[in-house]
Amino acid sequence: MSFDGCKTVVTEGDTVILFLTVNQVYAITAEKKTKNKNGDLVPYVFQTPYGALKGEQLIGKEFGTKILLSKGWGYILQPTPELWTVALRHRTQIIYTPDISMITLQLELKPGSVVIESGTGSGSLSHALIRSVKPHGHLYTFDFHKERADIARQEFQDHGLQEYVTVYNRDVCCNGFDEALDGKVDAVFLDLPHPWLAIPHGVNSFKPEGGRLCSFSPCIEQVQKTCLKLREHHFQEIETLEVLQTQFSVQTRRLASLEMEYLKNPKEENDGDNKCEKQIVSTLTAIPPLSQPGHTGYLTFATMPPIWARSMKTIDDLDNDDNEN
Amino acid sequence: MEDEHKITPGRYTILQRQGYTKLYKVKENGTVMIRHFTVETQNAVNAKFFDLFQMKPKGNSRKMCKLERVTSVDDDIKHTGGSGNDNRNIIDDGTSQTLTKEQIEELQDGSKSSVEIVNQLIANSKTFSSKTGYSQEKYKSKKQKKYYEYIYFRKPTIRILAQMFYRQDPTKVLGIRTDDLSQILAYANIQTDGKYILFDSGTSGLMTAAILNAIGANTSGKLVHMHPGNECQKVAVQAMDFPQEQLSRCINVNIYSVLRCFYQNSEENMLKRKLPLEEEEVVQKKMKLDDDVEEGIKEVVVATEEVEASNKNEVSNGKKTPGWQIENAKACELLREGVDGLIIVAKEHPASIVKELTQFLNVSRNMVVFHLLREPLQDIYIDLKKSLEFVNIKVSNNFVRNYQVLPDRTHPLVNMNSGGHILHGQKVQS
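As they're listed, the protein sequences go chains G and W.
Last residue of the first sequence: 325 in the UniProt record's numbering, with the numbers rising by one and none dropped.
Last residue of the second sequence: 430 in the UniProt record's numbering, with the numbers rising by one and none dropped.
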């Protein structure tokens, strides 16, 4: 229940983020009982690397406070879409925060916007989209996988977001988006193996004043086909980019410094050991990881112009290679 | 509804010529510089956004243009001379173009359209026919881009403003690239019902506008915008044309002034200073009136000064509290309650600002600090680690690459740039 707005105290049913270390971030539900494999209600206990945590223990605690475990402690935080992206259970490949934030900014979302997403996947992006458009806007999210759509629907319910989102189990490439949405949306997001098949349907969904489209594809061939299709359908400002984030590890490194000053003086018989003394210098530095993802996906953005300018022929290339005056 | 998409006098628009964008405030009989032409925009007034206009020379003047409404771009470039297989026979001796520089300039200043100019250039090029098909296309699009004379107007959005400022001059926005902006907003977790503090030492109003935009219209979210100078920059805020209701939830205060108010004004003083509701409204109305008068004269309106000026008379009468004090009092109230997000975008070393402002952040809420340099953020990282008040602290930066996507000619763009650095973390009870 804890995704909608700013909350200070954990109530029953809330999803809580348990933060142990940067690499140990978990999502736990503050509930007394849960169903086991056989469908029986049993007390909800979450096993952390530092000991067991009963779901019940969380109820009434304040977000941002310390929680004691048998072998250590952690902090409980109110979930944000970014924390959720780190903690969620992967049902598919997911989109991460650097791409997600670029998508929400470039789709020009704001409270009140109506946005289409396909496919829903594990709901990593969906949570960020909902945050951007609520309370007056709406997310319509489509997945052709029935179980995934069902789980996502339940998850939005559990997170208290159900009034801002509608989940469809539908193959948008074959059947398009809901006709009831025609002329009603501000933005369309596609994360599909064949996005070019969904683009003609997406065109119909845009409001008369137009909007923005984004397609996320891992392969350049998909991007090429998508861009051709976008041009064919009179999209403008077609732009493809990729974003990669490097997270640094900030450390104070102690480095040895060689002493060579004494070499300028004649060698004295007695103190032969002096030269071995090494100085240590401390330096503050930020180190990138030894290895990190070098590719996530290409983001292709485009503008659907308003209805009165759709058939207009223009040459709009966002090629910034040429410096404009 | 209709008016929302109309180019009406007094409103800010984005003037777009291909990839080039410019912020332009529409005037009944205004002019705007595009390339080396002074363009009269009279004919665009009351047209719609995205309506296409062609720049046409006005009379015999070589520098004056007017706009003419058209329905499509003429790109009928003629060439029937075939093309070559490769460039083995093309020698770059500077003689392939038989038109002289002066002749080309004459073409530009005359009444020729971009297509006519490009056609002339091609007709007078000795080597064009031996260029490969791809090379010909590149030449055409390059030349056509140079002489392109079509523009349209559109409604400003955060994306367009961010891209425009960064392209014009990254220092206008303290080096915040689009990806940086997007991540600052995401990590700050801007919710429509939250209260936020922004410290901004000069992003042309972009950060304020972006946060206000995310808070939204007809919501309960609030923003305290702290700035270090006498005036706060707000071009982007004005460009976004937010409704008054939304704008009034952004409190612009000088950081020194508001902190002095916070530390030195006792609660008692605060209460004494707090005006009855009607009086406050009168002051606000007066502020608005002054705003209207000033509009069109200045692009960057000085928030605090303006308020101060409007209240000078009243102060001398000994009746009312100056507007900036009301803003300070309002801000202090929010500071006492604690906020749901702290965003610091500074050109100064942000350590002292972080140290001062984190006290106002509620626990389980996020702080985001942006700086062009990484070293100041490293210092803050160490400070925060020592304080035990923050967890999940991360310092990051982005690699962003744009692509040209064309059949058989897909590759990354030749030029790229490097963005700034972001530190973010969550406050906890230590």
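Cβ coordinates follow ideal geometry from the N, Cα and C atoms, glycine included.
Between T300/G and T252/G, the gap from beta carbon to beta carbon reaches 8 Å or more. The three-state secondary structure of T296/G, taken from DSSP, is coil.
Out of K35/G, M1/G, P79/G, C6/G, the CA that lies nearest to the CA of F19/G is found in P79/G. Within the region 133 to 207 of chain G, the complete beta strand (DSSP E) runs of at least 3 residues fall at 138 to 143, 165 to 169, 187 to 190.
Identification of chain G residues near I211/W by a Cβ-Cβ cut-off of 8 Å yields none; the smallest Cβ-Cβ distance measures about 11 Å.
Taking a cut-off of 8 Å on C-beta distances, the region 212 to 221 of chain W does not touch the region 113 to 129 of chain G, as fewer than three cross pairs fall below it. When the five nearest sequence neighbours on each side are left out, the beta carbons in the same chain lying within less than 7 Å of the beta carbon of G341/W are those of A188, N189, I190, G194, Y196, R365, N366, in order along the chain.
A distance below 6 Å between beta-carbons, with the five flanking residues on each side excluded, links G294/G to no residue of its chain. The Cβ-Cβ distance between L23/W and Y152/W does not fall below 8 Å. According to the DSSP secondary-structure assignment, I67/G is paired through a beta bridge with G74/G. Using a CB distance cut-off of 8 Å, T104/G counts as an interface residue toward chain W. Distance between V133/G and L105/G, taken at the CA atoms: about 12 Å.
Collapsing the DSSP output to three states places G59/W in coil. When only Cα atoms are considered, T127/W and I90/W end up about 7 Å apart.
Taking the CA atoms as reference points, V345/W sits about 5 Å from D200/W. Boundaries of the beta strand (DSSP E) around S118/G: 114 to 118. V188/G sits away from V405/W, with the two beta carbons spaced by 8 Å or more. Those residues of the region 154 to 182 of chain W placed with their C-beta closer than 8 Å to a C-beta in chain G are T157, I158, R159, A162, R167, T178, D179, L181, S182, ordered along the chain. Judged by pairs of C-beta atoms under 8 Å, the region 279 to 287 of chain G touches the region 243 to 261 of chain G, as three or more such pairs exist. Annotation for D379/W: the continuous alpha helix (DSSP H) segment containing it runs 375 to 387. The region 157 to 175 of chain W and the region 8 to 28 of chain W touch, with three or more beta-carbon pairs separated by less than 8 Å.
Your pair N254/W and H227/W checks out as a contact, with CB atoms roughly 6 Å apart and the cut at 8 Å. In the displayed model, S257/G falls within a strand according to three-state DSSP. Excluding the 5 residues flanking it on each side, I151/G has same chain C-beta neighbours closer than 8 Å at R91, in chain order.
Among the CB atoms of chain W, none fall inside 8 Å of the CB of A302/G.
Per the Cβ contact rule, the region 201 to 210 of chain W is in contact with the region 228 to 239 of chain W (3 or more Cβ pairs under 8 Å).
The region 184 to 201 of chain G and the region 213 to 229 of chain G touch, with three or more beta-carbon pairs separated by less than 8 Å.
Taking a Cβ-Cβ threshold of 8 Å, the residues of chain W close to K134/G are T192, in chain order. Straight through space, the alpha carbons of S129/W and G176/G are spaced by roughly 46 Å.
With 16 or more other CB atoms across the displayed protein chains lying within 10 angstroms of its CB, T157/W is buried.
Rounded to the nearest whole angstrom, the C-alpha separation of I77/W and Y148/W is 13 Å. Under a 10 Å Cβ-count criterion, Q426/W is classified as buried, with 16 or more other Cβ atoms of the shown protein chains found around its own Cβ. Residue contact with chain W for A128/G: present (Cβ-Cβ distance below 8 Å to some residue of chain W).
Within the DSSP bridge table, the entry for D200/W names V345/W as partners. Taking a C-beta distance under 8 Å as the contact criterion, Y140/G and L181/G qualify as a contact pair.
In terms of beta-carbon proximity, H227/W stays away from the interface with chain G, with every pair separated by 8 Å or more.
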